[in-house]
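In my numbering, the protein residues as written are 54 to 199. Input: a single structure, listed below in structure tokens.
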Amino acid sequence: MTERLPFFVYGTLRPGGRNHAFLSGRVLTCAPARLPDAVLYDGPGYPYAVRAPGAGPVHGDLVTARPETYGRLLADLDHLEEYVPGDPRSLYLRVARDVVREDGTTARAWVYVAAPPLAARLRATATPLRSGTWLTPAPPGGPRTP
């Protein structure tokens, strides 16, 4: 059985992101938080967090699921992120990491991070987003939002 941790989101699932509505009615709280020891890379319409000791933080939100929706939400997030445990073709891994809330306290949370082959390629060929914040692509004619 998977531990029932909150989720740290840093891309399209954040408020204002194109997939934020995916969480609607399924969460108790969504509050700003940051992931230390990680850097963020821009992807093709979504970002990748990569572990980088001493770097970061990556800015995002800590999402706590409603108990009655947790199992389905976890499965749906794994599907959205195209994460299949043990599948070497997954672009992301779901890992437990400590995140820091605005008040400075920490919480253990599930984070989808770039899988090792992709993380190695990003480290070798891409430039991290120095702000640690990913901005969602704007709809045609619209503003970009964090």
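Beta carbons are placed, not taken as given, at the ideal position from N, Cα and C, and that holds for glycine.
Query	Result
Output the distance between the C-alpha atoms of Val103 and Ala173, rounded to the nearest integer angstrom.	9 Å
Comparing alpha-carbon positions, which option in Leu66, Arg147, Glu155, Glu121 lies nearest Leu188?	Leu66
When we look at the beta-carbon of Pro181 and count the other beta-carbons within 10 Å, is it buried (16 or more) or exposed?	buried
For Pro97 and Gly139, I'd like the C-alpha separation in whole angstroms.	24 Å
Nearest by alpha-carbon distance to His112: which of His132, Leu133, Glu155, Leu130 is it?	Glu155
Below 8 Å on the Cβ atoms is my contact criterion, and I expect Pro110 with Leu88 to pass it. Report the Cβ-Cβ distance as a whole number of Å.	6 Å
Is the distance from the Cβ of Phe61 to the Cβ of Val152 below 7 Å?	yes
For the putative contact between Pro59 and Leu115, defined by C-beta atoms under 8 Å, what is the C-beta separation to the nearest angstrom?	5 Å
Assign Thr186 to one of three DSSP states: helix, strand, or coil.	coil
Please identify the residue among Thr158, Arg150, Tyr145, Glu56 whose C-alpha is closest to the C-alpha of Tyr101.	Tyr145
Under a three-way DSSP split, which group does Ala105 fall into?	coil
Nearest by alpha-carbon distance to Pro120: which of Ala91, Leu81, Ala179 is it?	Leu81
How far does the alpha helix (DSSP H) with Leu66 in it reach, from first residue to last?	Careful: Leu66 lies outside any alpha helix (DSSP H) and carries neither H nor E.
I'd like the ranges of any beta strand (DSSP E) spanning at least 3 consecutive residues and lying wholly in the stretch 113-139.	none
For Ala84, I'd like the list of residues in its chain whose CB is within less than 8 Å of its CB, leaving aside the five on either flank, ordered along the chain.	Asp114, Leu115, Arg154, Glu155
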